[in-house]
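Numbering (the numbering used here), first residue to last: 11 to 459.
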């Protein structure tokens with residue numbers, strides 16, 4: 011079977027990073043980020059277009075400099091549970107922190123979403139790089155990298171163990187035998203590890219896809235390694251063609267090194283396509299978008315997020331970039347380290363760093379429908395991604411992409427013309443995890459025979 015492209019939708023709401031001025035657009039409702047009908051419409055549009063999933067980002071710390079969408083938005087699992095009742099096929103992927111949640115509670119919430127949606131839930135595992143989040147949980151400081159990633163690995167292992175609490179045939183509900191539950195197919199976890207001690211069992215059964223799909227966004231060495239060990243979907247940084255190829259090959263290699271099938275991890279890059287009837291019109295629109303967000307104060311705030319929401323406005327803009335290396339270790343270390351290295355190598359001022367760090371990443375997917383389809387196909391064939399996590403500023407731009415670019419991809423055999431399954435795993439081409447207790451039972455039975 012030929013390799014197929016996967017597409018997901020990432021709603022901007024009233025505007026996230028790099029889209030700070032979106033809330034001013036008259037086509038965007040000022041309460042979009044807290045209006046469940048906005049998300050339902052986005053999900054239904056994605057489903058109409060046969061997309062694999064709706065992806066909801068999240069963070070649990072803000073200050074007044076954060077993008078409009080971050081300041082006032084719905085909690086992902088609550089949001090997606092509502093969306094689930096208005097859709098039938100599109101996957102529902104929510105972001106949740108492994109640093110600021112407990113495994114039992116979060117496993118139960120995702121298992122519930124998985125059942126509500128009929129097997130369409132996905133969990134984007136994040137370790138939280140906003141250092142201020144710690145203060146919202148009664149902690150004086152944010153955990154360091156090693157602790158956060160060690161906790162994330164154990165968290166996922168515990169969640170998966172809890173999701174296997176019931177074997178698939180644990181509930182015979184046999185009235186004649188007066189048996190609702192077969193107690194031999196209910197299993198305690200009794201996990202005792204470095205970060206967690208969880209008894210179980212979970213009081214939620216498995217869904218038609220077995221378990222929610224695990225997503226992760228690994229950029230650092232620790233992040234890439236975590237993704238290769240546990241992720242089934244990855245939100246990759248993208249960048250240049252060469253950088254995307256390197257990342258894709260590295261993730262697939264690491265996945266194989268852990269004894270996993272590299273085809274069972276799907277790499278999605280971010281894509282903010284700008285499509286217009288002609289290449290010139292699309293390029294002009296891209297320049298207009300960049301101009302809308304050309305605000306130095308916003309650039310400084312965006313820069314500060316990589317350093318734990320550090321306030322760079324307290325420094326002289328035209329002095330050398332300040333020494334903030336110590337802040338990188340508990341914030342977005344990979345991005346922060348690159349910023350520091352670039353500043354040192356170029357002997358840049360704070361102003362220059364802020365402006366360069368906030369430069370709009372030129373999307374490779376800008377142009378007429380044919381040009382964008384050509385570029386998507388070229389990148390896909392070059393081994394840079396398995397899918398694209400698409401973001402559009404307005405519903406009109408989403409509709410135009412769906413009506414103009416998607417048919418070209420379908421005509422070329424790159425994208426589906428109908429859903430392959432009713433579950434997220436099925437549409438991504440991922441296997442249903444065999445319940446570990448059923449697997450063990452079958453193994454013991456085979457050995458005994």
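Ideal Cβ positions, reconstructed from N, Cα and C, are used throughout, including at glycine.
Quiz item: Who are the Cβ neighbours of residue 228 in its own chain at under 6 Å, not counting the five residues just before and after it?
Solution: 234, 236 and 237
Quiz prompt | Burial state of residue 245, where buried means 16 or more other Cβ atoms lie within 10 Å | solution = buried
Practice problem: Check each candidate in 28, 336 and 251 and name the one with the smallest Cα separation from residue 296. | Solution: 28
Practice problem: Answer yes or no: does any C-beta atom of chain B fall closer than 7 Å to that of residue 252? | Solution: Reference to chain B is not applicable here, since this structure consists of a single protein chain.
Self-check item: residue 58 burial status per 10 Å Cβ neighbour count (16 or more: buried)
Solution: exposed
Self-check item: Residues sharing a beta bridge with residue 418, DSSP
Solution: DSSP output for residue 418 lists no bridge partner at all.
Quiz prompt | Counted within 10 angstroms of its Cβ, other Cβ atoms place residue 183 as buried (16 or more) or exposed | solution = exposed
Quiz prompt | Straight-line Cα distance separating residue 310 from residue 370 | solution = Its pLDDT being 48, under 50, residue 370 is placed unreliably in this model, and the value from its coordinates should be taken loosely. Computed Cα separation, rounded: 14 Å.
Quiz item: Which value, in whole angstroms, describes the spacing of the CA atoms of residue 162 and residue 358?
Solution: 36 Å
Practice problem: Report the three-state DSSP secondary structure of residue 438 (helix, strand or coil). | Solution: helix
Self-check item: Host alpha helix (DSSP H) of residue 107 (start-end)
Solution: Run containing residue 107: none in the alpha helix (DSSP H); it sits in the beta strand (DSSP E), 101-107.
Quiz item: Given residue 38, which residues of its chain have a CB within under 7 Å of its CB, disregarding the five upstream and five downstream residues?
Solution: 24, 32 and 404
Exercise. Run through the stretch 354-432 for me and flag every whole beta strand (DSSP E) of 3 or more residues, listed as ranges in chain order.
Key: 397-400
Exercise. Kindly indicate which three-state DSSP category residue 202 falls into: helix, strand or coil?
Key: strand
Self-check item: Inter-residue spacing [alpha-carbon to alpha-carbon] between residue 432 and residue 132
Solution: 14 Å
Quiz prompt | Candidates 40, 168 and 65, of which the one nearest residue 398 by Cα | solution = 65
Quiz item: By a C-beta neighbour count over all protein chains shown, 10 Å radius and 16 as the cutoff for buried, is residue 207 buried or exposed?
Solution: exposed
Quiz prompt | Under 7 Å between C-beta atoms of residue 62 and residue 94 | solution = no
Quiz item: Which residues in the same chain have their Cβ closer than 7 Å to the Cβ of residue 274, if we skip the five residues on either side of it in sequence?
Solution: 242, 440 and 441
Quiz item: Considering only the beta carbon of each residue, do residue 104 and residue 125 sit closer than 7 Å?
Solution: no
Exercise. Tell me whether residue 428 is buried or exposed, calling it buried when 16 or more other Cβ atoms sit within 10 Å of its Cβ.
Key: exposed
Quiz item: Under three-state DSSP, which class holds residue 281?
Solution: strand
Practice problem: Have a look at the DSSP bridge pairing and note the partners of residue 134. | Solution: 105 and 225
Quiz item: Taking C-alpha atoms, which residue in 221, 239 and 352 lies nearest to residue 444?
Solution: 221
Quiz item: Which value, in whole angstroms, describes the spacing of the CA atoms of residue 77 and residue 192?
Solution: 51 Å
Quiz item: So, are the CB atoms of residue 92 and residue 46 less than 7 Å apart?
Solution: yes
Exercise. Pair every Cβ in the stretch 346-360 with every Cβ in the stretch 386-395, then say whether three or more of these pairs are closer than 8 Å.
Key: no
Practice problem: Out of 20, 44 and 83, point me to the one whose CA is closest to residue 53's CA. | Solution: 20
Exercise. Would you mind reading off the limits of the alpha helix (DSSP H) that contains residue 65?
Key: From DSSP, residue 65 is part of no alpha helix (DSSP H) but of the beta strand (DSSP E) over 63-66.
Practice problem: Can you tell me which of the three DSSP states residue 16 falls into? | Solution: strand
Quiz item: So who's on the other strand from residue 189, going by DSSP bridges?
Solution: 184
Quiz prompt | Cβ pair residue 411, residue 214 closer than 7 Å | solution = no
Quiz item: Exposed or buried, which one is residue 363 when buried takes at least 16 other CB atoms within 10 Å?
Solution: buried
Quiz prompt | CA-to-CA distance, residue 130 to residue 100, given in whole angstroms | solution = 7 Å
Quiz prompt | Check whether residue 165 and residue 281 have beta carbons under 7 Å apart | solution = no
Exercise. Would you list, in sequence order, the uninterrupted beta strand (DSSP E) runs of no fewer than 3 residues that lie entirely inside the stretch 222-266?
Key: 223-226 and 243-246
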